[in-house]
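I have placed the structure first, in the form of structure tokens, so that the comments after it can refer back to it.
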């Protein structure tokens, strides 16, 4: 037992020392790069919120020592110190190099160290041209001192030799104990037992983006960025540049004005009800299942109903970026999961924040999933409310999170607190209950899926009924929009347009009256259409069109799915498989070739842009 405890003590000591090293890096980073004075509490907050990602990174670095202690249970006379010292030296050299480079380069790049650094390594002469030799030598010295200090410290706490555990019973128990320790280490690396795994966005907590970046572990950030390390601009290189540009000309032309005004005011409060998976196949008014969404059917007849709208993608992480950043979904890449790209995109929340709006986001699930927290905070949402802000009782109803009836109640409470407030607000709320496993406190349909959608619809109806009583109603625009469609019922071609068709409804007292907009459009067109109604610029949303303006004449929709896309307009539909290089579903006798070319041009343009952003060539 004593020998096994020695191993456990060693692993814990190793973990704590490396973890502390990461934690101490944070105040140093702030001191080196802060543009203003921060309080002691700010330093503590950065360390506190960044500690989890530091622990994850430490967990990875502790794997080798852990495996050696496990092997030593059966291996007689393992010279542990001799074996681990080279490992310490190499790992600490890399960690120290990353830390110093991150702290030094931030002032030049205004971003954390990521894979873009390897672009500059290819030409070190040019990379070093902007700094003095003394600047470089000082940092090399710091790296060497940190490496030496950490290697010496870790070597000191490492047993010289580990003897095998005597006796098969004791050896078996020691192995079992080590496996349990390994399980705990795995949980630390994973980031806990929640749905989301450890990611950069999980440490975001502040409206001050510099503090969020300070909390990020630089080693983790670098490795995470390398996961998405391809040259995106080369992935779908269909056409020479001249031809691509020619095909794209005029496709996303738009104007800042709104020929058709549908609002009573230029500065309404704005509420987005972002409906999980609520495609048109669930809306009876659009030919969907009867009786599932009577509330949405009624609201569509009372407000501005965009009846010919299509989602740009197929998952929530992609649909969120499509909606708030107006960047179409990509078939092989989730932009939300690549912080270096995601934070450089425009965002409706950021635009409204500049116009004086208070901005916040509500979600009853795990907001760290797929780096959602990081994306939302970087995008201008000043406050986030998620499942961690609800009681354990509320959270435990469903594996996926807090059911919609409870989150809608929280939403009402939040809005009530703002009564009498002069500052306009923008609140976005992502529903949850119409997502698997469809566990809801409601009974209308035997089909669990239909029942869950009916539940969300019922919650929306009850919320609208209550909110109408609020004095805020007359000055509020409510936008109801799904994150993506749903392949239900599972009949016909999975990637056909009717599965991507989604409703968008504008309601609330700020809406002048009922109106149906049947123009072919995309989810990404919300940004330009909304901001134009408010008299706000939207030029930075390059893939968003003002659907309510006379300039909107080129009606089409584009959406993507795993390694494929669809382009549809008044001539027909073309659904294209990028891997097989052919159209596998189409509607319309003519125009197929032209539609495919336009779809390819859009896809190529999208990847060219994310490639430029990711490499640092796009500003």
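Residue numbers (the working numbering): 154 to 772. C-beta atoms are modelled at their ideal positions from N, C-alpha and C, and glycine is treated no differently. All of these numbers come straight from a predicted model, not from anything done at the bench.
Backbone CA spacing between residue i and residue j [nearest angstrom]
i: residue 282; j: residue 290; result: Note on residue 282: pLDDT 46, under 50, position unreliable in the model; no value is reported.
i: residue 766; j: residue 494; result: 6 Å
i: residue 170; j: residue 212; result: 12 Å
i: residue 609; j: residue 209; result: 36 Å
i: residue 376; j: residue 267; result: 8 Å
i: residue 550; j: residue 592; result: 8 Å
i: residue 729; j: residue 452; result: 35 Å
i: residue 448; j: residue 575; result: 30 Å
i: residue 214; j: residue 491; result: 23 Å
i: residue 462; j: residue 692; result: 21 Å
i: residue 308; j: residue 237; result: 8 Å
i: residue 152; j: residue 464; result: The structure shown has nothing for residue 152, since the chain only spans 154 to 772.
i: residue 563; j: residue 742; result: 51 Å
i: residue 565; j: residue 619; result: 8 Å
i: residue 617; j: residue 455; result: 12 Å
i: residue 182; j: residue 233; result: 34 Å
i: residue 539; j: residue 322; result: 48 Å
i: residue 573; j: residue 628; result: 12 Å
i: residue 695; j: residue 189; result: 33 Å
i: residue 191; j: residue 354; result: 22 Å
i: residue 471; j: residue 436; result: 22 Å
i: residue 712; j: residue 685; result: 23 Å
i: residue 754; j: residue 460; result: 26 Å
i: residue 614; j: residue 672; result: 26 Å
i: residue 445; j: residue 606; result: 7 Å
i: residue 272; j: residue 334; result: Because the pLDDT at residue 272 is just 49, under 50, the model does not fix this residue reliably, and the value given afterwards should be weighed accordingly. When rounded, the distance between both Cα atoms is 40 Å.
i: residue 216; j: residue 227; result: 18 Å
i: residue 359; j: residue 488; result: 21 Å
i: residue 366; j: residue 201; result: 13 Å
i: residue 646; j: residue 740; result: 12 Å
i: residue 285; j: residue 706; result: 56 Å
i: residue 218; j: residue 164; result: 7 Å
i: residue 744; j: residue 186; result: 56 Å
i: residue 598; j: residue 405; result: 42 Å
i: residue 378; j: residue 438; result: 44 Å
Opening and closing residue of the beta strand (DSSP E) in which residue i lies
i: residue 537; result: 536 to 538
i: residue 515; result: 511 to 516
i: residue 423; result: 422 to 428
Rounded Cβ spacing between residue i and residue j (contact assumed at less than 8 Å)
i: residue 657; j: residue 634; result: 5 Å
i: residue 676; j: residue 469; result: In fact, because the Cβ distance is near 12 Å, the residues do not count as touching under 8 Å.
i: residue 179; j: residue 368; result: 7 Å
i: residue 698; j: residue 724; result: No, residue 698 and residue 724 are not in contact; Cβ-Cβ is about 18 Å, not under 8 Å.
i: residue 467; j: residue 637; result: 5 Å
i: residue 774; j: residue 205; result: Any question about residue 774 goes unanswered here, given that the chain covers just 154 to 772.
i: residue 304; j: residue 385; result: The pair is not a contact, with the Cβ atoms about 38 Å apart (cut-off 8 Å).
i: residue 535; j: residue 506; result: 7 Å
i: residue 630; j: residue 421; result: 4 Å
i: residue 175; j: residue 207; result: 4 Å
i: residue 292; j: residue 349; result: Residue 292 to residue 349, Cβ: 35 Å. No contact.
i: residue 665; j: residue 416; result: 7 Å
i: residue 532; j: residue 502; result: 5 Å
i: residue 553; j: residue 511; result: 28 Å between Cβ atoms; not a contact.
Host alpha helix (DSSP H) of residue i (start-end)
i: residue 793; result: The structure shown does not extend to residue 793, since the chain is modelled only from 154 to 772, so the question has no answer here.
i: residue 100; result: Residue 100 is absent from the model: the chain starts at 154 and stops at 772.
i: residue 463; result: Careful: residue 463 lies outside any alpha helix (DSSP H), inside the beta strand (DSSP E) at 457 to 463.
i: residue 363; result: 362 to 368
i: residue 527; result: 525 to 531
i: residue 546; result: 545 to 548
Distance cut-off 7 Å: residue i Cβ against heavy atoms of the ligand MG
i: residue 285; result: As presented, the structure is devoid of all ligands, the ligand MG included, so that no description of it is given.
Item to check | Start-end ranges of the beta strand (DSSP E) lying completely within the segment 619 to 686, minimum 3 residues | outcome: 629 to 635, 654 to 660 and 668 to 670
Item to check | Inside the segment 284 to 340 only - alpha helix (DSSP H) runs reaching at least 4 residues | outcome: 286 to 309
Item to check | Length at least 3, wholly inside the segment 194 to 260: the beta strand (DSSP E) runs in chain order | outcome: none
Next on the checklist: Measuring CB atoms only, is the segment 384 to 404 touching the segment 543 to 561, in the sense that at least three cross pairs come out at less than 8 Å?
Outcome noted: no
Item to check | Unbroken stretches of the alpha helix (DSSP H), 4 residues or longer, contained in the segment 707 to 768 | outcome: 745 to 768
Next on the checklist: Three or more C-beta pairs under 8 Å: does that hold for the segment 523 to 533 against the segment 414 to 427?
Outcome noted: no
Item to check | Length at least 4, wholly inside the segment 580 to 612: the alpha helix (DSSP H) runs in chain order | outcome: none
Next on the checklist: Taking 8 Å as the cut-off, does the segment 599 to 619 touch the segment 429 to 438 (at least 3 CB pairs, one atom from each stretch)?
Outcome noted: yes
Checklist entry - Looking at C-beta atoms only, is the number of pairs between the segment 618 to 626 and the segment 582 to 592 that lie closer than 8 Å three or more? => result no
Checklist entry - Is the segment 528 to 538 in contact with the segment 706 to 726, if contact means three or more CB pairs nearer than 8 Å? => result no
Item to check | Given 8 Å, three or more beta-carbon pairs between the segment 294 to 308 and the segment 238 to 258 | outcome: yes
Item to check | Segments assigned alpha helix (DSSP H), at least 4 residues, entirely inside the segment 374 to 402 | outcome: 394 to 401
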